[in-house]
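Take a look at the structure below.
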Amino acid sequence: MLLLLSSVTCLKPVVLIPGLCGSELAATINNAKLQWYCPKKVDNEVIWVGEKYFVPPLYNCLFQWIALHYDKETNSAKNLEGVDISTVDFGGLGGINVLDKLPLNISIIPYYGPMIEYLKKRGYDERVTLFGAPNDWRKGFHGQEEYFAKLKALVEEAHKKTGEKVVLIGHSFGGFTAHRFVNEINDDDWVTEHIDSNILISPSFGGSGYAIRATWDGMYPAGAPQIKTFGNAIRSFGGIHVHYPNF
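Position one of the sequence shown corresponds to residue 6 (our numbering), numbered consecutively onward.
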């Protein structure tokens with residue numbers, strides 16, 4: 006009887022890693038010098054994806070806020086001066102369950118939401134056996150040392166809470182990220198101790214033709230309206246660059 010109970014209750018913890026554009030981003034704005042209609046002060050507000058800044062002309066503010074800029078002195082990508090961008094609810098599920106937050110708590114673009122509901126119906130609990138690892142997908146893999154350190158700490162936390170090895174589930178760029186995390190970021194002994202399996206959903210190892218299209222004409226996904234500030238932003242994203250088709 007005890008053996009049967011143990012087999013039912015001992016779920017392997019799951020960490021969900023989202024793909025390109027699949028993590029909510031929040032912004033803190035402090036007097037960024039942009040157009041007159043752009044807010045001068047924003048306090049840790051979700052800007053990707055929400056209804057507030059996806060209307061003209063405010064979408065110009067959004068796309069300029071999330072654009073990256075090359076810093077020659079540090080050889081790194083940085084935000085616009087006066088702009089700080091962060092992910093939402095790291096470790097929880099609030100930043101990856103849906104891709105849009107509309108009025109009345111409506112969403113029309115589900116992301117990990119259906120999978121999260123599926124797992125919860127089978128006994129998984131948020132931050133107990135089910136975790137989210139949203140990433141700043143704009144950066145690609147450049148300058149992501151802090152993210153990989155947080156992901157490692159999250160896996161260790163899940164392993165300690167449950168006594169079970171962790172299952173990573175990564176979609177698209179998230180699969181690419183999970184693969185790198187297991188095979189390049191951590192040593193074999195750590196992986197053997199902490200990782201049960203690595204499930205990759207449409208991993209983008211070979212890149213995508215959409216990345217070339219996005220750089221060429223500033224549209225992502227294909228068919229999106231051509232907006233200059235949007236095109237400038239996506240051309241600056243390392244998350245686009247790592248998806249150039251490769252061997």
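Positions of the beta carbon are idealized from the N, C-alpha and C atoms, including for glycine.
Relative to the C-alpha of residue i, which candidate in the options has its C-alpha closest?
| i | options | result |
| --- | --- | --- |
| residue 200 | 46, 187, 155, 134 | 187 |
| residue 175 | 132, 120, 165, 149 | 120 |
| residue 160 | 97, 249, 47 | 97 |
| residue 79 | 214, 68, 148, 242 | 148 |
| residue 151 | 247, 181, 92, 17 | 92 |
| residue 173 | 108, 58, 156 | 156 |
| residue 158 | 95, 185, 127 | 95 |
With DSSP as the reference, label residue i as helix, strand or coil.
| i | result |
| --- | --- |
| residue 108 | helix |
| residue 68 | helix |
| residue 137 | strand |
| residue 176 | strand |
| residue 193 | helix |
| residue 83 | strand |
| residue 20 | strand |
| residue 10 | Summary for residue 10: the model assigns pLDDT 36, below 50, so the residue's position carries little reliability, and this model does not support an answer. |
| residue 39 | coil |
| residue 187 | helix |
| residue 245 | helix |
| residue 30 | strand |
Give me the Cβ distance between residue i and residue j, rounded to the nearest whole Å; I'm assuming they're in contact under 8 Å.
| i | j | result |
| --- | --- | --- |
| residue 101 | residue 21 | 6 Å |
| residue 114 | residue 30 | About 15 Å; that fails the 8 Å criterion. |
| residue 54 | residue 105 | 4 Å |
| residue 43 | residue 142 | Not really, about 23 Å apart at Cβ, beyond 8 Å. |
| residue 232 | residue 68 | 7 Å |
| residue 177 | residue 202 | 18 Å between Cβ atoms; not a contact. |
| residue 238 | residue 71 | 6 Å |
What residue does the alpha helix (DSSP H) around residue i start on, and which one ends it?
| i | result |
| --- | --- |
| residue 50 | Element bounds for residue 50: not the alpha helix (DSSP H) but the beta strand (DSSP E), 46-53. |
| residue 215 | 214-222 |
| residue 159 | 150-167 |
| residue 237 | 233-240 |
| residue 90 | No alpha helix (DSSP H) holds residue 90; the beta strand (DSSP E) holding it covers 88-92. |
Work out the CA separation of residue j and residue i for me, nearest whole Å.
| i | j | result |
| --- | --- | --- |
| residue 19 | residue 193 | 20 Å |
| residue 88 | residue 198 | 39 Å |
| residue 240 | residue 15 | 45 Å |
| residue 249 | residue 36 | 35 Å |
| residue 112 | residue 83 | 31 Å |
| residue 130 | residue 122 | 10 Å |
| residue 13 | residue 171 | Interpretation of residue 13 is limited by its pLDDT of 42, a score under 50 that renders its predicted location unreliable; no figure is taken from the coordinates. |
| residue 139 | residue 99 | 9 Å |
| residue 242 | residue 196 | 30 Å |
| residue 45 | residue 23 | 30 Å |
| residue 39 | residue 86 | 10 Å |
| residue 154 | residue 133 | 20 Å |
| residue 137 | residue 146 | 18 Å |
| residue 52 | residue 60 | 12 Å |
| residue 218 | residue 247 | 14 Å |
| residue 56 | residue 236 | 20 Å |
| residue 135 | residue 103 | 16 Å |
Which residues bound the beta strand (DSSP E) around residue i?
| i | result |
| --- | --- |
| residue 123 | Unbroken run through residue 123 is the alpha helix (DSSP H), 118-126; no beta strand (DSSP E). |
| residue 74 | 74-76 |
| residue 204 | 200-206 |
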